[in-house]
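Be aware that the sequence shown starts at 424, since it is given in this note's numbering, and climbs by one per residue.
All C-beta atoms in this analysis are idealised placements derived from N, C-alpha and C, irrespective of residue type, glycine included.
Quantities reported herein were computed from a predicted structural model and do not represent experimental measurements.
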Amino acid sequence: MATAPQPQLPLFYKDLLPLNSKDHADWKVGPFEDAGFVADSHAIPLTVDEFVDAQRSYPIVFTAGDNPLPIALMGLNEGVNTFMEENGKLQAGLYVPAYIRRYPFILARLNQNSEDMSLCFDPSANVVGKDKEGQALFEDGDDGAKKPTEYTNGVLEFCKRFEESGQRTRAFLEEIKKLDIMMDGEIAITRNDMPDKPFVYRGFRMIDEQKLRELPSETVDALNKSGMLMLIHAHLFSLNLMRQVFERQSAQGKVPMPDAETPEIPNGSM
Numbered sequence: 424m425a426t427a428p429q430p431q432l433p434l435f436y437k438d439l440l441p442l443n444s445k446d447h448a449d450w451k452v453g454p455f456e457d458a459g460f461v462a463d464s465h466a467i468p469l470t471v472d473e474f475v476d477a478q479r480s481y482p483i484v485f486t487a488g489d490n491p492l493p494i495a496l497m498g499l500n501e502g503v504n505t506f507m508e509e510n511g512k513l514q515a516g517l518y519v520p521a522y523i524r525r526y527p528f529i530l531a532r533l534n535q536n537s538e539d540m541s542l543c544f545d546p547s548a549n550v551v552g553k554d555k556e557g558q559a560l561f562e563d564g565d566d567g568a569k570k571p572t573e574y575t576n577g578v579l580e581f582c583k584r585f586e587e588s589g590q591r592t593r594a595f596l597e598e599i600k601k602l603d604i605m606m607d608g609e610i611a612i613t614r615n616d617m618p619d620k621p622f623v624y625r626g627f628r629m630i631d632e633q634k635l636r637e638l639p640s641e642t643v644d645a646l647n648k649s650g651m652l653m654l655i656h657a658h659l660f661s662l663n664l665m666r667q668v669f670e671r672q673s674a675q676g677k678v679p680m681p682d683a684e685t686p687e688i689p690n691g692s693m
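What follows is the structure, encoded as structure tokens:
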């Protein structure tokens, strides 16, 4: 089977195979037994279409660098996901980012010189295979040839919508960049038992509220009409959850001592 080109695989993905009716005619996809593939991830890529729903569950910040991306923080330190239950599942009642729901499927370019994208999957996820119980990926068509099942078409449509959301996210960030209203983020949290030793987190970006307030009224009106202002406010409101995530992490005994090197929230990738 041909493997899709993978110069740098996105978060979660360890390998990629293009899905096709020849090699996978009788393959099926079963459910994940748990969310173990998320357990060591504290920052999950997010699209702007998810800001309003995600801000109720997680802080939303932007990665550092010249091309920032929005991420939902499930923890404040590398490798710490505070929303994992003991049974390996995500805590019930949370908004689950589309990036997580998409896995193990993804749209990828098989030819880097072409814009065409093909539906691929990560075989290392161990939920797609010939001997699996679950949803069939292909079925017999009227002409006897194999065709995608309704399930597979649904997966393809979901992945297409995710890519479209990614395009809207990039457009949003381009506008934010033009407005020059983003700043380097820093948050200092003091624990009751260590009042003189604040825990300081850096390495992320956020909207500068002062610069936002100083924008001309016509610019703010335009942001409001385009829906961007609502997204900006969702991001800013979500920052209040930083302390809650820290407290969850502290209760789980996963907070490094404050005299250690200042933690940075690293980049995510789509």
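Assuming contact is defined by CB atoms lying nearer than 8 Å, are LEU694 and MET629 in contact in what I supplied? Because residue 694 is not part of the residues shown, which for the chain are 424 to 693, the question remains open.
Can you find the residues in the same chain that come closer than 6 Å, C-beta to C-beta, to MET507, ignoring five residues on each side of it along the sequence? Here residue 507 corresponds to residue number 84 of the sequence shown, with the count starting at 1. Taken in chain order, the residues that qualify are ALA462.
What did DSSP end up calling MET653 once you bin it into helix, strand or coil? Sequence index remark: in the sequence shown, residue 653 carries index 230 (1-based). The answer is helix: DSSP assigns MET653 an H, G or I state.
I need the straight-line Cα distance from ASP644 to GLY488, nearest angstrom please. Position 221 of the sequence shown, counting from 1, holds the residue named residue 644. Position 65 of the sequence shown, counting from 1, holds the residue named residue 488. When rounded, the distance between both Cα atoms is 28 Å.
When the Cα atoms are used, what is the spatial distance from LEU646 to LEU652? Your numbering for residue 646 matches position 223 in the sequence shown. Your numbering for residue 652 matches position 229 in the sequence shown. Their Cα atoms are separated by approximately 5 Å.
Three-state class that DSSP yields for GLY557 in the structure shown: Sequence index remark: in the sequence shown, residue 557 carries index 134 (1-based). Coil.
Express the C-alpha separation of GLU670 and THR613 in angstroms, rounding to a whole number. The count along the sequence shown starts at 1 and reaches residue 613 at position 190. The count along the sequence shown starts at 1 and reaches residue 670 at position 247. Each residue's alpha carbon lies about 10 Å from the other.
Starting from PHE460, trace the beta strand (DSSP E) both ways and give me its first and last residue. Within the sequence shown, the letter at position 37 stands for residue 460. Segment: none, PHE460 is in no beta strand (DSSP E) and carries neither H nor E.
What is the residue span of the alpha helix (DSSP H) that ILE610 lies within? Taking the sequence shown and counting its residues from 1, one reaches residue 610 at position 187. ILE610 -> not in any alpha helix (DSSP H); beta strand (DSSP E) instead, spanning 605-614.
In angstroms with no decimal places, state the Cα-to-Cα distance between THR685 and GLY502. Working through the sequence shown from its first residue, we reach residue 685 at position 262. Working through the sequence shown from its first residue, we reach residue 502 at position 79. Note that THR685 scores a pLDDT of 47, beneath 50, so its modelled location is shaky and nothing firm can be said.
So, with DSSP's three-state summary, where would you put TYR574? Reading the sequence shown from its first residue, position 151 is the one you call residue 574. It is helical.
With contact counted as at least three CB pairs below 8 Å, one residue from each stretch, are the stretch 460-475 and the stretch 522-531 in contact? yes
Unbroken beta strand (DSSP E) run spanning ASP619, endpoints: Reading the sequence shown from its first residue, position 196 is the one you call residue 619. Where ASP619 is concerned, the enclosing beta strand (DSSP E) stretches over 617-630.
Proximal residues to LYS512 (C-beta, below 8 Å), its chain only, five neighbours per side dropped: Numbered from 1 along the sequence shown, position 89 holds the residue referred to as residue 512. Here the set comprises ASP457 and ALA458.
Leaving out the 5 sequence neighbours to the left and right, which residues in its chain are closer than 8 Å to THR638 when beta-carbon positions are compared? Within the sequence shown, numbered from 1, the residue matching residue 638 stands at position 215. Residue 638 is actually Leu in this sequence, not Thr. Within the same chain, LEU638 has close Cβ partners LEU602, ILE604 and LEU646.
Report all residues from its chain with a CB closer than 6 Å to the CB of VAL678; omit the five preceding and five following residues, and keep chain order. Along the sequence shown, read from residue 1 onward, the residue named residue 678 stands at position 255. GLN672, listed in sequence order.
Separation of PRO546 from ILE655, as counted between CA atoms: For the purposes of this step, residue 655 is identified with residue 232 of the sequence shown, where counting begins at 1. For the purposes of this step, residue 546 is identified with residue 123 of the sequence shown, where counting begins at 1. Each residue's alpha carbon lies about 37 Å from the other.
The alpha helix (DSSP H) with ALA674 in it runs from where to where? The count along the sequence shown starts at 1 and reaches residue 674 at position 251. From DSSP, the alpha helix (DSSP H) with ALA674 extends over 665-674.
Runs of beta strand (DSSP E) lying entirely within the stretch 494-557, each at least 3 residues, in chain order: 528-531 and 541-544
What's the call for GLN478, buried or exposed, on a 16-neighbour Cβ count within 10 Å? As a working mapping, residue 478 is identified with position 55 in the sequence shown. Per the 10 Å Cβ criterion, buried.
Given a threshold of 16 other Cβ atoms within 10 Å of its Cβ, counted over all protein chains shown, does VAL623 qualify as buried or as exposed? On the sequence shown, residue 623 is found 200 positions in, with the first residue counted as 1. Exposed, since its Cβ has fewer than 16 Cβ neighbours within 10 Å.
How big is the Cα-Cα spacing for GLY650 and LYS437? By 1-based counting over the sequence shown, the position of residue 650 is 227. By 1-based counting over the sequence shown, the position of residue 437 is 14. Straight-line Cα distance between these residues: approximately 36 Å.
The alpha helix (DSSP H) spanning VAL475 covers which residue range? Within the sequence shown, the letter at position 52 stands for residue 475. Element bounds for VAL475: 474-477.
Nonlocal neighbours in the same chain, by C-beta distance under 8 Å from PRO491, ignoring five residues either side: Within the sequence shown, the letter at position 68 stands for residue 491. Taken in chain order, the residues that qualify are PHE485, LEU596, MET605 and ARG628.
Say whether the stretch 441-456 touches the stretch 528-544, bearing in mind that this needs 3 or more beta-carbon pairs closer than 8 Å, one atom from each stretch. yes
Take ASP472 and list the residues in its own chain whose beta-carbon comes closer than 6 Å to its own, dropping the five residues that flank it on each side. In the sequence shown, counting from the first residue as 1, residue 472 sits at position 49. Here the set comprises SER588.
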